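Q:
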Amino acid sequence: MFFQVVFFFYFCKMTTKNLLLLMFMGLLGYMNLTAQAVKLKWGKASVLEKNMKICAFDSLAEAVILFDKGDITIRGTNVYIERHKRLKILDERAIDEYGQISLAYFAKKDTEKIINVKVQTINYKDGKPIVSKLASNEIFDKKSGDWGEVTFAFPKVEKGSILEFKYTLVSSDLVFLDPWVFQNDLPTVYSEVSAVIPPSLQYSVLFFGKMLQTKYQAEVLEDQWSLENIPGYKDEKYVFNYLDYADRLVFQLKSYTTLKDQYSYETQKETLLNSWERLATEVEQRYKKFATQKVVREALGNIGYEGNPTEENLSKIYDQIVQNYQWDRKYHLFARKKFSKVVEDKKGTSAEINLFLLELLQEAGYEAYPMLLSTRRHGRVTKDYPLLSQFNNVIVAVYIDNRYLYLDAALASNFNNYKILPLPDFNFYGYMLDGKDSKWLKILEPKISSVYSKIELDLGKIAPSYIVEYRFNNYFALSKREEITTSPKDIFHPKEKKVGNILFEFDSQEIKGLENNQKPLELKYNFKKIEGELKSDIVYLSVDFLKLFEKNPFLKNQRYMPIELDFPVLEKNTVEIVLPDTYKIESVPENVAIKLPEGYGKFYYTANQYEHKIIITTHFELKKTVMPAAVYPYLKRIIDRLIAKYQEPIVLKKH
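Taking my numbering, I'd label the letters of the sequence shown as residues 21 to 675.
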């Protein structure tokens, strides 16, 4: 798909007549090395494709992309991308997922369309190919809003089928050619894209992904690119946007040559958005006030703001916007309606809510600026070229007490405070707009979010007691506050706990910090004995740890992409068990200490025993939100060890 942001206004100086003349002049200068490309014929599967039973470089793959070939040409004022793709079903389980295809395109103002769709399935019987073609009336093209979608299902798909389709995407957007993604969720044997571009159009070519960057160098004159044996990224959890790491090629028009006027053949070079400063100017022009000063002052008055631009007042303004305006779940860079309408609806896009927060803060005397960013799932930004399309959100940067605070009142819940940026916004960098002083600001990783638990189990008393305490910080506190506030009141503690033959029943609870989003959240649960005694000669005590992982989410033996976490985590448990005089400690779990490479994390478990007391402490920490794929086997192992360790019992023996 092409980028949603289409900059037609950059071509206001290029008339259709001039452009057509220029294209004609450039025909002889076309770059075309596609004859060097691998020849892939429609309906002609190779012997290797026919006989393939497993993917040589991914033996667990249920299906494989045999090839994916694209040819990009520019004719007249349109871009044509002819695509030919062939897959093979290696396992019946892949039929439902890959036996049907959906192709999306940007349909607004007929910017894009998909034509010449052909679909067929090749099966083999007695070594001979049986081709089943899909009729044109079984290929569906539907439009909804700004987007269109072509869908179809392959006929007669079974294990061993070769699925083949091709189509042409036509686009009137010459600024951004559709990026070519070499890496897919399935392993890909061969992927190739070629470009036939007139010399009157100059594109920047950006390379992403290790394989592509190793094989090619950016800005080197090429017109055909290919990769082989590309691993798939299917089922790699803990990745926000696969394209951040996938091998892909991105084109952006940086300049074009046009005629000076319609009466001569003298040409001139026109440069597009070639600097971040120019981008900032263009965007700020569109960020002119969409709320009147009267509306802004009335809003400040309703908030009760008066006095100096302090952090306390900043928190007050922020909280009022968060609590009174609802995000409509739409990301935008620009406001689409006046704030009077936003006030009326109590709802708005991310741009409308955050730009109004910006105006309130500026009116109140704060040094506040709009900051463009890309959310985590939208993908990382590149600072190499001024691409507005790589951003999908605008937040507020406030300079106060010699530091920047980042505020997003749209994505925030009622349980955020102004110091806790919503997690989707943590994507390394944002571009702050301040005229000629516009600049990149680094968005540091979220502060470590911790959860502490303390368990006191006293079995030495006549009436044994069981006390559990928790302390949640940062994002753990935010999510737990939301859970407690929005759910039934009786679900936050277990109704009962069993230790050996003793049954404890919930008695009372204490909650601290629930109403103050800037403090840790503390919970304390008290349980009382209702029945049972320790009578057995041998007693196995299971320790009731607070567990971040009930099971290991990392199951695959190999990983290709880095591991991305929402935030750094720290879990600490302390368990103190007092035993009756009639029992002695037979055994406790052995101590363990494990570290991840390069200081990415650690886990340790210690059990100290005394005559009638056991104290167990655990510490599990992941210090970074992004860990390289090389750390994966160690992370998998450490979580396996943690889960197993938490299940080991303490063994007591009666005197």
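Every residue gets a Cβ at the ideal spot worked out from N, C-alpha and C, and that includes glycine.
Everything numeric in this text was worked out from a predicted model, so none of it was measured.
Which residues does DSSP pair with Ala83 in a beta bridge?
A: According to DSSP, which records beta bridges pairwise, Ala83 is partnered with Ile109.
Q: Using the DSSP secondary-structure output, state which residues sit across from Lys289 in a beta bridge.
A: Thr277
Q: Along the chain, which unbroken stretches of the beta strand (DSSP E) at least 3 residues long are found entirely within the segment 437-461?
A: 449-452
Q: According to the Cβ coordinates, are Glu591 and Leu616 closer than 8 Å?
A: no
Q: Assuming Phe676 contacts Gly119 under a Cβ cut-off of 8 Å, what Cβ separation, rounded to an integer in Å, is found between them?
A: The structure shown does not extend to residue 676, since the chain is modelled only from 21 to 675, so the question has no answer here.
Q: Going by the CB atoms, is the gap between Leu194 and Leu269 shorter than 8 Å?
A: no
Q: Would the beta-carbon of Tyr449 fall within 8 Å of that of Pro390?
A: The Cβ atoms of Tyr449 and Pro390 do not sit closer than 8 Å to each other.
Q: Compute the Euclidean distance between the alpha carbons of Asn249 and Val612, then round it to the nearest angstrom.
A: 41 Å
Q: Would you kindly work out how many angstroms separate the C-alpha atoms of Ser556 and Val671, rounded to a whole number?
A: 11 Å
Q: From this set, Asp161, Met581 and Leu247, which residue's C-alpha is nearest Phe260's C-alpha?
A: Met581
Q: Mind checking which residues open and close the beta strand (DSSP E) that includes Leu221?
A: For Leu221, the enclosing beta strand (DSSP E) starts and ends at Leu221 to Phe228.
Q: Would you list, in sequence order, the uninterrupted alpha helix (DSSP H) runs of no fewer than 4 residues that lie entirely inside the segment 312-370?
A: 313-323, 331-344 and 359-365
Q: How big is the Cα-Cα spacing for Lys456 and Gly90?
A: The straight-line gap from Cα to Cα measures roughly 41 Å.
Q: Leaving aside the five residues before and after Asn494 along the sequence, list all residues of the same chain whose C-beta is less than 6 Å from its C-beta, in chain order.
A: Lys467 and Ser469
Q: Give the straight-line distance between the Cα atoms of Met34 and Ile134, rounded to the nearest whole angstrom.
A: With a pLDDT of 37 at Met34, under the threshold of 50, the predicted position of this residue should be treated as unreliable, though the coordinate-derived value follows. Looking at the two C-alpha atoms, the distance is approximately 26 Å.
Q: Determine the burial state of Arg356: buried for a count of at least 16 other Cβ atoms within 10 Å of its Cβ, exposed for fewer.
A: exposed
Q: Measuring alpha carbon to alpha carbon, tell me which of Asp146, Thr626, Gln244 and Ile663 ends up nearest Ala70.
A: According to the sequence shown, residue 70 is Lys rather than Ala. For Lys70, the nearest C-alpha among the options comes from Asp146.
Q: Hey, Gln382 and Lys366: beta-carbon distance below 8 Å or not?
A: no
Q: Looking at the secondary structure, which residues open and close the beta strand (DSSP E) in which Gln140 lies?
A: Glu132 to Lys145
Q: Please classify Thr505 as buried or exposed, where buried requires at least 16 other C-beta atoms within 10 Å of its C-beta.
A: exposed
Q: Return the bridge partner residues of Phe388 from the DSSP annotation.
A: The displayed chain sequence assigns Ala, not Phe, to residue 388. For Ala388, which the question treats as bridged, DSSP gives the partners Val418.
Q: Beta carbon of Pro442, beta carbon of Leu425: below 8 Å?
A: no
Q: Output the boundary residues of the beta strand (DSSP E) element that contains Asp404.
A: Element bounds for Asp404: n/a, residue is neither H nor E.
Q: Relative to the alpha-carbon of Gly385, which residue among Asn328, Leu554 and Glu525 has its alpha-carbon at the smallest distance?
A: Asn328
Q: For Trp62, which residues of its own chain have a beta-carbon under 8 Å away from its beta-carbon, when the five flanking residues on both sides are left out?
A: His104, Lys138, Glu184 and Lys186
Q: Please state the DSSP three-state secondary structure of Met647.
A: strand
Q: Within 10 Å of its beta-carbon, does Ala55 have 16 or more other beta-carbons around it, so buried, or fewer, so exposed?
A: Note on Ala55: pLDDT 32, under 50, position unreliable in the model; the coordinate value appears next. Label assigned to Ala55: exposed.
Q: Return the first residue and the last residue of the beta strand (DSSP E) that Ile475 is part of.
A: Ser469 to Asp478
Q: Please go through the same chain and pick out, in chain order, the residues whose beta-carbon is closer than 6 Å to the beta-carbon of Lys539, but skip the five residues on each side of it.
A: Around Lys539: Gly533.
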